[in-house]
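Taking it in order: structure first as structure tokens, then the write-up.
There are 2 protein chains.
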Amino acid sequence: MRISELSRRSGVSVATIKYYIREGLLPTGRPTAATQAEYDDQHLRRLRLIRALIGVRGLSVNATRDVLEALSQEQADTHRILGLALGASRLAEETAQEHRQLAEVDTLIEEMGWRVHSNASARTALADTLATLDDLGVPLDWGALLRYAKLAEQTAGVDLDQLEGAEDLLEAAERAVLLTTLLEPALLALRKLAQEHESARRHNI
Amino acid sequence: MRISELSRRSGVSVATIKYYIREGLLPTGRPTAATQAEYDDQHLRRLRLIRALIGVRGLSVNATRDVLEALSQEQADTHRILGLALGASRLAEETAQEHRQLAEVDTLIEEMGWRVHSNASARTALADTLATLDDLGVPLDWGALLRYAKLAEQTAGVDLDQLEGAEDLLEAAERAVLLTTLLEPALLALRKLAQEHESARRHNI
DNA sequence: CAAGATTGGAGAGTTCCACTATCCAGCATA
DNA sequence: TATGCTGGATAGTGGAACTCTCCAATCTTG
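Sequence order for the protein chains is A and B.
For the first sequence, the positions run 1 to 205 when my numbering is used.
For the second sequence, the positions run 1 to 205 when my numbering is used.
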């Protein structure tokens with residue numbers, strides 16, 4: 001198919017497809033002439049993934065490219081993908097406060113018995129939030145943190161179960177990305193609904 | 001204190017403070033003369049909260065204003081805050097697909113016995129993601145959804161426990177906002193760490 | 001009490017991002 | 001052969017989040 005058909009089938013404008021190609025989110029088509037190229041179902045599939053990551057998950061184009069690069073580099077290795085596909089995280093200036101929080105995060109990881117090698121951004125993101133809560137005078141106590149961690153562990157268990165049924169490796173890798181990245185807002189939405197219910201229950205409304 | 005001291009103590013530039021005042025995130029100081037106003041610790045506190053919501057949580061200025069308005073309007077009612085303080089969510093076009101997913105979400109809410117009245121944005125956010133996953137050929141099955149929901153319920157339990165110790169109502173309301181909004185990236189970070197561990201465990205690495 | 005810095009308020013300017021539009025020569029189709 | 005589509009490049013758009021500049025009034029310092 002040519003670009004206009006790709007556009008029609010994906011619902012993404014030709015101009016935007018060109019933009020994604022320029023930005024390295026989407027590979028170019030197979031050129032058939034100087035001003036002609038051929039696109040296939042892989043392109044369509046990739047384009048849908050891009051739109052999901054940008055539109056539903058709210059990732060930036062840059063963050064999306066990072067995720068996609070991890071996807072293509074590590075297609076054979078689902079485990080690595082899970083470690084890599086975490087997307088955008090803020091760059092944190094290293095204050096003394098942050099260092100202390102980072103140490104607390106590492107203690108938590110040890111306490112949970114988690115074997116975590118890379119994932120520096122998740123560690124700093126966590127330390128970041130803990131530091132901010134401290135600054136705001138609403139520190140999160142160790143017990144709560146531990147309970148959250150245990151629930152996260154169970155959640156990850158459900159996540160990994162979802163990967164079992166995957167047929168080919170490409171699909172497994174893609175599914176891993178979707179579960180780490182795309183499911184985030186859904187889980188947060190679930191938590192909000194549960195909060196409202198739990199609040200109503202405790203206040204006897 | 002005057003604006004420059006507020007700036008120095010908060011680490012936010014004077015220009016930005018003025019911008020937040022213009023945008024309605026921060027109330028004006030108490031005017032003492034035509035070109036002078038007095039700020040207090042409440043302003044400083046509010047400013048730190050704003051920076052946390054924008055910087056750490058990544059909320060937009062508009063979304064932050066919504067959260068802050070909910071905070072000031074419903075200070076006395078923690079439950080309402082929890083329902084309101086969910087911040088930015090994408091506007092979804094109502095396709096037939098979406099309707100089906102929304103029905104599934106409602107079935108889930110019923111199955112869980114959740115009493116949820118408002119929170120339309122959490123419902124659509126959830127339906128959105130389910131629809132997208134379906135479109136991408138990686139549907140989330142009912143069992144997994146139910147397991148996620150149960151974990152969300154337990155997470156909400158921990159959340160609500162955190163509110164117990166609050167002394168005054170203002171603090172309770174603020175804490176509710178921080179827990180619904182600011183803790184999100186932390187929980188997602190925990191999930192990522194847990195995923196990496198769980199993946200390593202299952203693959204015997 | 002004069003000089004210099006600071007202030008509140010408002011408008012304009014800046015930077016970044018995610019597109020979107022325009023242009024062009026080459027190609028496909030009728 | 002004319003009409004429209006194509007890849008590639010460049011420029012333009014609109015929104016968001018600041019940031020700068022200006023002003024007269026006011027405060028502070030010497």
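Virtual Cβ for every residue (Gly too), placed ideally from N, Cα, C.
Cross-chain neighbours of residue i in chain B, by beta carbon under 8 angstroms
i	result
Glu153 of chain A	Ala194, His197, Glu198
Tyr20 of chain A	Chain B residues near Tyr20 of chain A: none, gap ~17 angstroms exceeds 8 angstroms.
Thr129 of chain A	Val56, Leu182, Leu183, Pro185, Ala186, Ala189
Ala172 of chain A	Those do not exist, as Ala172 of chain A stays about 11 angstroms from chain B at its closest Cβ, beyond 8 angstroms.
Spatial distance of residue i from residue j (CA atoms)
i	j	result
Arg191 of chain B	Lys150 of chain A	10 angstroms
Val67 of chain B	His203 of chain B	43 angstroms
Thr180 of chain A	Pro139 of chain B	14 angstroms
His197 of chain A	Tyr19 of chain A	44 angstroms
Val105 of chain B	Arg201 of chain A	20 angstroms
Gln42 of chain A	Ala152 of chain B	35 angstroms
Gly137 of chain B	Ala120 of chain B	26 angstroms
Asp40 of chain A	Asp159 of chain A	30 angstroms
Ile109 of chain B	His117 of chain B	11 angstroms
Arg48 of chain A	Ser10 of chain A	7 angstroms
Glu111 of chain A	Leu126 of chain A	16 angstroms
Arg46 of chain B	Leu25 of chain B	9 angstroms
Ile17 of chain B	Gly29 of chain B	11 angstroms
Ala176 of chain A	Leu182 of chain A	10 angstroms
Ile50 of chain B	Pro27 of chain B	12 angstroms
Arg22 of chain A	Glu98 of chain A	38 angstroms
Arg147 of chain B	Leu187 of chain B	17 angstroms
Gln162 of chain B	Leu133 of chain A	12 angstroms
Leu44 of chain A	Glu38 of chain A	12 angstroms
Ala131 of chain A	Gln101 of chain A	6 angstroms
Thr129 of chain A	Ile54 of chain A	24 angstroms
Leu145 of chain B	Ala194 of chain B	19 angstroms
Gly143 of chain B	Ala172 of chain A	19 angstroms
Leu71 of chain B	Pro185 of chain B	20 angstroms
Arg65 of chain A	Leu59 of chain A	10 angstroms
Leu178 of chain B	Asp135 of chain A	12 angstroms
Thr32 of chain B	Thr107 of chain A	51 angstroms
Val61 of chain B	Glu174 of chain B	18 angstroms
Ala63 of chain B	Ala189 of chain A	16 angstroms
Gly157 of chain A	Arg2 of chain A	42 angstroms
Val12 of chain A	Gln36 of chain A	19 angstroms
Residue i burial status per 10 Å Cβ neighbour count (16 or more: buried)
i	result
Arg114 of chain A	Correcting the residue identity first, residue 114 of chain A is Trp in this sequence and not Arg. Per the 10 Å Cβ criterion, buried.
Ser4 of chain A	exposed
Ala52 of chain B	buried
Ala103 of chain A	exposed
Val14 of chain B	exposed
Arg123 of chain A	buried
Ser291 of chain B	There is no way to answer for residue 291 of chain B, as the model of chain B reaches only from 1 to 205.
Asp141 of chain A	exposed
Ala76 of chain A	For Ala76 of chain A, the pLDDT reaches just 47, beneath the cut-off of 50, and the residue's location in the model is therefore unreliable, leaving the point undetermined.
Glu164 of chain A	exposed
Ala34 of chain B	exposed
Glu69 of chain A	exposed
Ser199 of chain A	buried
Arg57 of chain B	buried
Thr155 of chain A	buried
Residues that residue i contacts on chain B, provided the C-beta gap is smaller than 9 angstroms
i	result
Ile109 of chain A	Leu193, His197
Arg8 of chain A	Simply none; closest approach about 16 angstroms.
Ala149 of chain A	Leu190, Leu193, Ala194
Under 7 angstroms from the C-beta of residue i: neighbouring residues of chain A
i	result
Val138 of chain B	Arg175, Leu178
Thr132 of chain B	Ala52, Val56, Leu182
Asp159 of chain B	Gln195
Val116 of chain B	Leu193, Glu196, His197
Range of the contiguous beta strand (DSSP E) that encloses residue i
i	result
Arg8 of chain B	Here Arg8 of chain B belongs to no beta strand (DSSP E); instead the alpha helix (DSSP H) covers 3 to 10.
Under 9 angstroms by beta carbon: chain A residues contacting residue i
i	result
Gln162 of chain B	Val138, Leu140, Asp141, Ala144
DSSP bridge partner residues for residue i (one or two, in chain order)
i	result
Glu38 of chain A	A:Arg30
For residue i, the first and last residue of its enclosing alpha helix (DSSP H)
i	result
Asp135 of chain B	120 to 135
Trp142 of chain B	142 to 163
Ile17 of chain B	14 to 22
Ser199 of chain B	184 to 202
Interface partners of residue i on chain B, CB under 7 angstroms
i	result
Glu184 of chain A	Leu188
Ala122 of chain A	Ala189, Lys192, Leu193
Ser63 of chain A	Note that residue 63 of chain A is Ala in the sequence shown, not Ser. Per Cβ cutoff of 7 angstroms: no residues; Ala63 of chain A is ~11 angstroms from chain B at best.
Arg202 of chain A	Leu160
Ala70 of chain A	By Cβ distance, chain B contributes nothing, its closest Cβ being about 13 angstroms from Ala70 of chain A, past 7 angstroms.
Ala210 of chain A	As shown, chain A starts at 1 and ends at 205. That puts residue 210 of chain A outside it, with no answer to give.
Contact set between residue i and chain A, taken where Cβ atoms lie within less than 8 angstroms
i	result
Ala125 of chain B	Pro185, Ala186, Leu188, Ala189
Asp135 of chain B	Arg48, Ala52
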